[in-house]
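Please read the structure below before turning to the comments.
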Amino acid sequence: KGEYWWEVKELVSRNGGARLKAQVFFASFDQRSERAAGESACTALVAVIAHRLHSNHASMPTRPEFDNLITQGSSEWRKLCSNTAYTNAFPDKHFDLETVLKADVRPVTVSHEKSFTGFFSPDKFECLKGAMSFDEIWNEIKSSETNNCQPRVYIISWNDHFFVLKVESKAYYIINTLGERLFEGCKQAYMLKFDDSSLMYGKKKKKKDDEMAICSGKECCREYIKRFLAAIAVEELEEEEKKGRVSAFTLHQRLQIDFHYSSFSSATSSSHFFF
Numbered sequence: 112k113g114e115y116w117w118e119v120k121e122l123v124s125r126n127g128g129a130r131l132k133a134q135v136f137f138a139s140f141d142q143r144s145e146r147a148a149g150e151s152a153c154t155a156l157v158a159v160i161a162h163r164l165h166s167n168h169a170s171m172p173t174r175p176e177f178d179n180l181i182t183q184g185s186s187e188w189r190k191l192c193s194n195t196a197y198t199n200a201f202p203d204k205h206f207d208l209e210t211v212l213k214a215d216v217r218p219v220t221v222s223h224e225k226s227f228t229g230f231f232s233p234d235k236f237e238c239l240k241g242a243m244s245f246d247e248i249w250n251e252i253k254s255s256e257t258n259n260c261q262p263r264v265y266i267i268s269w270n271d272h273f274f275v276l277k278v279e280s281k282a283y284y285i286i287n288t289l290g291e292r293l294f295e296g297c298k299q300a301y302m303l304k305f306d307d308s309s310l311m312y313g314k315k316k317k318k319k320d321d322e323m324a325i326c327s328g329k330e331c332c333r334e335y336i337k338r339f340l341a342a343i344a345v346e347e348l349e350e351e352e353k354k355g356r357v358s359a360f361t362l363h364q365r366l367q368i369d370f371h372y373s374s375f376s377s378a379t380s381s382s383h384f385f386f
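Next comes the structure, spelled out in structure tokens:
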């Protein structure tokens with residue numbers, strides 16, 4: 112395998128409701144490590160990673176390369192932090208994607224025409240009814256597979272964090288530079304691969320000790336995002352909604368998910384968001 116250390120892992124969702132068997136590839140560290148020193152660098156990191164994926168469609172990063180991308184992206188973030196124009200606009204140093212792309216961290220652009228904004232389970236919340244759902248977004252991504260020979264790279268923003276989704280005909284990849292998003296206590300950035308070998312199981316409602324197959328293959332990527340990342344937020348907000356305590360702002364903050372369609376930038380102009 113050389114520098115490609117993919118391993119089959121079984122992961123359990125934080126609410127205990129789902130179990131995933133999939134291939135995982137770990138970096139040596141994540142953005143919060145001393146080596147990277149990129150505490151809030153996720154926006155710069157996704158730009159650097161997206162650029163690498165567009166530069167070489169045929170392969171995923173090796174471990175040394177993945178480590179290097181994390182240190183590069185974190186370094187780019189620290190450069191932005193030294194600019195008072197940026198830190199005045201973002202005192203928490205958690206820059207938005209538009210700011211990072213305009214700063215020419217890497218020649219990457221985002222097309223709004225091919226991007227999507229939606230919500231997890233909007234039908235469960237009165238003020239979100241009629242909004243595009245995560246499942247509708249996913250169906251759009253799936254339906255456009257046949258029209259695309261080249262892999263697609265989406266920069267995803269959700270719950271104050273950015274990560275990358277690479278869509279290929281035979282596999283989907285999630286690339287995340289914050290280990291904690293995989294499981295509690297994880298301190299390594301990771302790539303998750305969803306292909307024909309992937310399986311997901313869930314507990315039966317009537318018999319909690321019994322499991323049933325939820326899905327297999329690339330579809331596990333959809334269910335991973337729903338059941339491993341968003342499920343607890345949806346459950347908590349549903350309870351708050353019943354009590355009449357949840358605000359529209361909170362719903363947007365915790366349930367909105369954005370899929371930014373990225374590509375190489377043909378120019379180093381200040382505008383990297385195309386409408």
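Residue numbers (this note's numbering): 112 to 386.
Glycine residues also receive a C-beta, built at the ideal position from the N, C-alpha and C atoms.
Checklist entry - Looking at C-beta atoms only, is the number of pairs between the region 139-154 and the region 202-210 that lie closer than 8 Å three or more? => result The region 139-154 makes contact with the region 202-210, as at least three CB pairs between them are under 8 Å.
Next on the checklist: At 4 residues or longer, what runs of the alpha helix (DSSP H) sit wholly inside the region 261-293?
Outcome noted: Runs of the alpha helix (DSSP H) spanning 4 or more residues and lying entirely within the region 261-293 do not occur at all.
Item to check | Straight-line Cα distance separating residue 312 from residue 323 | outcome: Their backbone Cα atoms lie some 5 Å apart in a straight line.
Next on the checklist: Just to check my reading of the structure: residue 191 and residue 331 have Cβ atoms closer than 8 Å, yes? What is that Cβ distance to the nearest angstrom?
Outcome noted: Not really, about 35 Å apart at Cβ, beyond 8 Å.
Checklist entry - Below 8 Å between beta carbons: does that hold for residue 242 and residue 230? => result Yes, the pair counts as a contact, with Cβ atoms nearer than the cut-off.
Next on the checklist: So, at 8 Å on beta carbons, what are the nonlocal neighbours of residue 410 in its own chain, with the 5 sequence-adjacent residues on each side left out?
Outcome noted: Residue 410 is absent from the structure shown; the chain starts at 112 and stops at 386.
Checklist entry - Tell me which same chain residues have a C-beta within less than 6 Å of the C-beta of residue 227, skipping the five on either side of it? => result Only 248, 370 meet the Cβ criterion.
Checklist entry - Just reading off the alpha helix (DSSP H) that residue 138 is part of, what are its end residues? => result No alpha helix (DSSP H) holds residue 138; DSSP gives it neither H nor E.
Checklist entry - From 164, 182, 298, pick the residue whose C-alpha is nearest to that of residue 278; which is it? => result Considering only alpha carbons, the answer is 164.
Item to check | Inter-residue spacing [alpha-carbon to alpha-carbon] between residue 295 and residue 252 | outcome: Approximately 30 Å between the Cα atoms of the pair.
Checklist entry - DSSP state of residue 227, grouped into three classes? => result Three-state DSSP puts residue 227 in a strand.
Item to check | Cβ neighbours of residue 178 in the same chain (closer than 6 Å, five flanking residues each side left out) | outcome: So the qualifying residues of the chain are 138, 139.
Item to check | Presumed contact (8 Å Cβ cut-off) between residue 218 and residue 375, rounded CB distance | outcome: About 6 Å separates the two Cβ atoms, so the contact holds.
Item to check | Buried or exposed by the 16-neighbour rule on C-beta atoms within 10 Å, applied to residue 360 | outcome: It is exposed - the Cβ of residue 360 has fewer than 16 other Cβ atoms within 10 Å.
Item to check | Sheet register partners of residue 130 (DSSP bridge) | outcome: Its beta-bridge partners are 123, 312.
Checklist entry - What three-state label does DSSP hand residue 238 in the structure shown? => result Residue 238 sits in a helix when the DSSP states are folded into three classes.
Checklist entry - Just checking my contact of residue 267 with residue 126 at CB under 8 Å: how many whole Å lie between their CB atoms? => result At roughly 21 Å, the Cβ-Cβ gap does not stay under 8 Å, so residue 267 and residue 126 are not in contact.
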